[in-house]
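S.K.:
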Amino acid sequence: MEAEPARPTRRVNESHELVAIILLSLVAVLTAWCGFESAKWGGDSSVAFSEASAARIEASDFDSQARDARSIDLAIYAQWVLAEVNGEPELAAYIQDRFSPEFAVAFDAWEADGRKERGPFVMPEYVPPGTTEGKKATARAGALQADALDFNDKGDNYSLMTVLFALVLFLAAIAQRGISLLAARIVLGVAGAIALTGLVVLFTFPIRL
11 MEAEPARPTR RVNESHELVA IILLSLVAVL TAWCGFESAK WGGDSSVAFS EASAARIEAS
71 DFDSQARDAR SIDLAIYAQW VLAEVNGEPE LAAYIQDRFS PEFAVAFDAW EADGRKERGP
131 FVMPEYVPPG TTEGKKATAR AGALQADALD FNDKGDNYSL MTVLFALVLF LAAIAQRGIS
191 LLAARIVLGV AGAIALTGLV VLFTFPIRL
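Under the numbering used here, the first residue of the sequence shown is numbered 11, with each subsequent residue one higher.
Put into structure tokens, the structure is as follows:
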């Protein structure tokens, strides 16, 4: 007859343990998922950073190409100016025939404009080879850099969720240790609230498979 009161207590303990086990299992799965997503976003971030670096190198190569072309055009133009100043129209015409196609377009536009500008190099028509490609590569590098930072932030968010769920695991484990039933319920309730909050926040995160 004295053993009867222990049954409700046993049932309460079993229910308590069942809730703790379910919470532990669920949070363990969520922790693993967050670790997986963090790794995926981190990998994408590394790839984007690498691609951005490659695009910057490409942009630098194109910029060098444009500078070299500009230097050559400037050297030839200087000879044309000397021929003009020295009154040698035949030599000036000979030099003009050897202008690069890009500089010839700007030179013709400068001539058509009545030579109002300081020289052909300031004309919008002058676009040395590599200039357009360099701008595109620079823009692509900037976009890839922004993507890399965004991917990195998303990976960090998942990492923070891993820490949050690790706290839930810790609290759930504490609730199963030799503490009073009331204290165990409080700890388990706090753990459940944190887990629920984390799950709701997790639903707002983008997924990378």
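Quick reminder that beta carbons are idealized off the backbone N, C-alpha and C, glycines included.
This structure is a prediction, so every number in the text was calculated from the model and none was measured.
(1) Using a Cβ distance threshold of 8 Å, determine whether the region 67 to 75 contacts the region 147 to 165, with at least three qualifying pairs required.
(2) Can you have a look at Gly124 and say buried or exposed, based on whether 16 or more other CB atoms are within 10 angstroms of its CB?
(3) Can you look up Val57 in the DSSP assignment and give me helix, strand or coil?
(4) Please confirm whether Gly140 and Ala69 have their CB atoms less than 7 Å apart.
(5) Express the C-alpha separation of Ser35 and Ile184 in angstroms, rounding to a whole number.
(6) Would you call the region 28 to 47 and the region 152 to 160 touching, i.e. three or more CB-CB distances under 8 Å?
(7) Run the CB neighbour count on Asp83, radius 10 Å, all protein chains shown included, and call it buried at 16 or more, exposed below.
(8) Run the CB neighbour count on Thr172, radius 10 Å, all protein chains shown included, and call it buried at 16 or more, exposed below.
(9) Is the beta carbon of Gly165 closer than 7 Å to that of Gly52?
(10) What span of residues does the alpha helix (DSSP H) with Val210 cover, start to end?
(11) Hey, Val115 and Glu135: beta-carbon distance below 7 Å or not?
(12) Rounded to the nearest angstrom, what separates Thr142 and Val95 at their Cα positions?
M.R.: On the basis of the supplied data:
(1) yes
(2) Along the sequence shown, one-based indexing puts residue 124 at 114. Burial call: exposed.
(3) Your numbering for residue 57 matches position 47 in the sequence shown. In this structure, Val57 counts as helix in the three-state DSSP scheme.
(4) Position 130 of the sequence shown, counted from the first residue, corresponds to residue 140. Position 59 of the sequence shown, counted from the first residue, corresponds to residue 69. Their beta carbons are not under 7 Å apart, which means Gly140 does not touch Ala69 by this criterion.
(5) Indexing the sequence shown from 1 puts residue 184 at position 174. Indexing the sequence shown from 1 puts residue 35 at position 25. Cα to Cα, the separation comes out at about 15 Å.
(6) no
(7) As a working mapping, residue 83 is identified with position 73 in the sequence shown. It is buried - the Cβ of Asp83 has at least 16 other Cβ atoms within 10 Å.
(8) For the purposes of this step, residue 172 is identified with residue 162 of the sequence shown, where counting begins at 1. By the 10 Å Cβ count, Thr172 comes out buried.
(9) As a working note, residue 52 is residue 42 in the sequence shown. As a working note, residue 165 is residue 155 in the sequence shown. Going by C-beta atoms, Gly52 is nearer than 7 Å to Gly165.
(10) In the sequence shown, residue 210 corresponds to position 200, counting from 1. Here the alpha helix (DSSP H) through Val210 covers 191 to 213.
(11) Sequence index remark: in the sequence shown, residue 115 carries index 105 (1-based). Sequence index remark: in the sequence shown, residue 135 carries index 125 (1-based). Contact: yes.
(12) Numbered from its first residue, the sequence shown carries residue 142 at position 132. Numbered from its first residue, the sequence shown carries residue 95 at position 85. If you take the alpha carbons of Thr142 and Val95, they lie about 34 Å apart.
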